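Worksheet: one structure, shown below.
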Amino acid sequence: MSQSDANIIQYAVSIYSKDPNGVLGPWIVGALADAFFMGLLWTQVTNYYQWFPRDSKWIKGLVALITIISCVKFFQSCYTTWLKFVTEFGDWLRIVNIGWEIYMIPVFGQALSFCAQLFFSWRCFTLMRRNWYILAFLLMSITTSFALSIVVGYRYATDQLNSSAIQKFSAPQLALNIINDLLISAIVTVRLTQSRSGFNATTDTALKRLLAITWGAGIPPTISATLDMITFFTMPRNLVHVLFNMLTGRLYVFSMMYALNSRASIRTMLNQAPALPSHEITATTPRFRSRRGSSSFGDDVDPDGWTHPLSSIKVETEKVTLYSQDRDIPVPHLSRPQSVAFKVSAYETGSRVSVMPRDSTDDFLYILSL
-15 MSQSDANIIQ YAVSIYSKDP NGVLGPWIVG ALADAFFMGL LWTQVTNYYQ
35 WFPRDSKWIK GLVALITIIS CVKFFQSCYT TWLKFVTEFG DWLRIVNIGW
85 EIYMIPVFGQ ALSFCAQLFF SWRCFTLMRR NWYILAFLLM SITTSFALSI
135 VVGYRYATDQ LNSSAIQKFS APQLALNIIN DLLISAIVTV RLTQSRSGFN
185 ATTDTALKRL LAITWGAGIP PTISATLDMI TFFTMPRNLV HVLFNMLTGR
235 LYVFSMMYAL NSRASIRTML NQAPALPSHE ITATTPRFRS RRGSSSFGDD
285 VDPDGWTHPL SSIKVETEKV TLYSQDRDIP VPHLSRPQSV AFKVSAYETG
335 SRVSVMPRDS TDDFLYILSL
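Residue numbers (our numbering): -15 to 354.
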């Protein structure tokens, strides 16, 4: 260790020893908050796997991944607290020294933030009708932020006394987190607001509920990330920013699990919605001519022995789809393009179609089916 490095360490000791509340306080508060959110996460994860057993595999895998990272982070938090308050207590020279448990804090926290923002990026991608440009931009942004956190951890490990170099990479990392949160919230807000048509009050209420959940889940981690950046640059003589750094990743995980589990209440709300009006029409099926004679779509088998496709169609369930202008079956006039639910049955004399106008909530239903 050079003489200049030794002087910097002695200066840090003289500064930190005068403010034990600002140096040691964040560690104990952060550890307590970590324990609280760890217990909350176990409850959320247990409820998730019980309530949504049919979710896609990648969502289940993402939940499992954040659970594993959270457990490792909790162990790191407990180990750091033990060092500061038991092993190294009173030894300020060792307290200011940065070990692996310190420089891994930004990496673990950003790993949790990355997983949560990956989920919300996919939600934006789905809302925007699979817009690959938006998904690519968000993925590039959150990946860059995660990469910068690794660089920050590396700087702490190899050049911990060079605060200017650490701040050089910490600033864009923290700023990208805030920008990503605001962008994701803005996309979801605009898209869900556009989906409200006033056609069905229950669906509109569910959309409002989902919008409130989006902001309720996004605000806490955004505030924590903002406070982390502010305290990091404005309070260099203490470790208050460590508290918010420890909290931010946990709040991202909480927001993700809250958004996933809140679908249960929204689905219950939709299932209690009153039946929508429907219009039933009957279309005369066209005839076709074969080499041996003529027949119609109403016959099960034509003279050539071919079975017509419509003769085997009998759909008892409804699904939401978009009406295609290529169909020959006339559909009642709708005031504007919107999603419709088709119930199709094929009979010997023709095809009967039940057309039910629906809100433009395809994106909303996509989110609920994640």
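Every residue, glycine too, gets a C-beta built ideally from N, C-alpha and C.
What you are looking at is a predicted structure, and each value in this text was computed from that prediction instead of being measured.
For residue j and residue i, believed in contact at Cβ under 8 angstroms, the rounded distance
i           : j           : result
residue 198 : residue 215 : Going by Cβ atoms, the distance from residue 198 to residue 215 rounds to 27 angstroms, so no, they are not a contact pair.
residue 240 : residue 48  : Their Cβ separation, rounded to whole angstroms, is 13 angstroms, which puts residue 240 and residue 48 out of contact at 8 angstroms.
residue 226 : residue 11  : 7 angstroms
residue 405 : residue 222 : Residue numbering for the chain in the displayed model covers -15 to 354; residue 405 lies beyond these limits and cannot be assessed.
Alpha-carbon spacing of residue i relative to residue j, whole angstroms
i           : j           : result
residue 160 : residue 147 : 20 angstroms
residue 41  : residue -1  : 51 angstroms
residue 53  : residue 107 : 22 angstroms
residue 128 : residue 165 : 14 angstroms
residue 217 : residue 38  : 45 angstroms
residue 130 : residue 4   : 31 angstroms
residue 9   : residue 204 : 21 angstroms
residue 113 : residue 171 : 12 angstroms
residue 175 : residue 133 : 31 angstroms
residue 59  : residue 255 : 42 angstroms
residue -7  : residue 80  : 7 angstroms
residue 122 : residue 248 : 27 angstroms
residue 104 : residue 36  : 18 angstroms
residue 143 : residue 98  : 25 angstroms
residue 318 : residue 154 : Reliability fails at residue 318, whose pLDDT of 41 lies under 50, so the model's placement of it is uncertain and the value that follows must be treated cautiously. When rounded, the distance between both Cα atoms is 54 angstroms.
residue 244 : residue 45  : 13 angstroms
residue -3  : residue 188 : 59 angstroms
residue 167 : residue 119 : 12 angstroms
residue 152 : residue 246 : 39 angstroms
residue 238 : residue 200 : 11 angstroms
residue 190 : residue 250 : 6 angstroms
residue 209 : residue 234 : 11 angstroms
residue 212 : residue 178 : 34 angstroms
residue 163 : residue 253 : 33 angstroms
residue 115 : residue 242 : 25 angstroms
residue 30  : residue 72  : 37 angstroms
residue 356 : residue 43  : This structure gives no information on residue 356, because the portion of the chain shown stretches from -15 to 354.
residue 117 : residue 202 : 22 angstroms
residue 102 : residue 194 : 19 angstroms
residue 126 : residue 34  : 30 angstroms
Burial state of residue i, where buried means 16 or more other Cβ atoms lie within 10 Å
i           : result
residue 50  : buried
residue 2   : exposed
residue 220 : exposed
residue 124 : exposed
residue 169 : buried
residue -5  : exposed
residue 32  : buried
residue 61  : buried
residue 27  : exposed
residue 192 : exposed
residue 196 : exposed
residue 56  : exposed
residue 236 : buried
residue 150 : buried
residue 82  : exposed
residue 94  : buried
residue 64  : buried
residue 206 : buried
Within-8 angstroms CB hit, residue i to chain B
i           : result
residue 209 : Although the question refers to chain B, the structure presented lacks it and comprises just one protein chain.
Contact test: residue i Cβ vs the ligand ZN heavy atom, cutoff 7 angstroms
i           : result
residue 208 : In the structure on display, the ligand ZN does not appear, and there are no ligands present to speak of.
**Asked** Between the segment 80 to 93 and the segment 128 to 138, do at least 3 Cβ pairs fall closer than 8 angstroms?
**Response** yes
**Request:** Check whether the segment 89 to 104 touches the segment 65 to 77, counting contact only when three or more Cβ pairs, one atom from each stretch, lie closer than 8 angstroms.
**Result:** no
**Prompt:** Within the chosen definition, does the segment 220 to 237 reach the segment 17 to 26 through at least 3 CB pairs nearer than 8 angstroms?
**Reply:** yes
**Message:** Pairs of beta-carbons, one from the segment 70 to 79 and one from the segment 21 to 37, closer than 8 angstroms: are there three or more?
**Reply:** no
**Asked** Does the segment 100 to 117 come close enough to the segment 149 to 158 to have 3 or more Cβ pairs within less than 8 angstroms?
**Response** no
**Request:** Write down every uninterrupted run of the alpha helix (DSSP H) in the segment 144 to 178 whose length is 4 residues or greater and which is fully enclosed by it, in chain order.
**Result:** none
**Request:** At 4 residues or longer, and completely inside the segment 184 to 249: list those alpha helix (DSSP H) runs for me, N to C.
**Result:** DSSP runs (the alpha helix (DSSP H)) wholly in the segment 184 to 249: 185 to 218 and 224 to 245.
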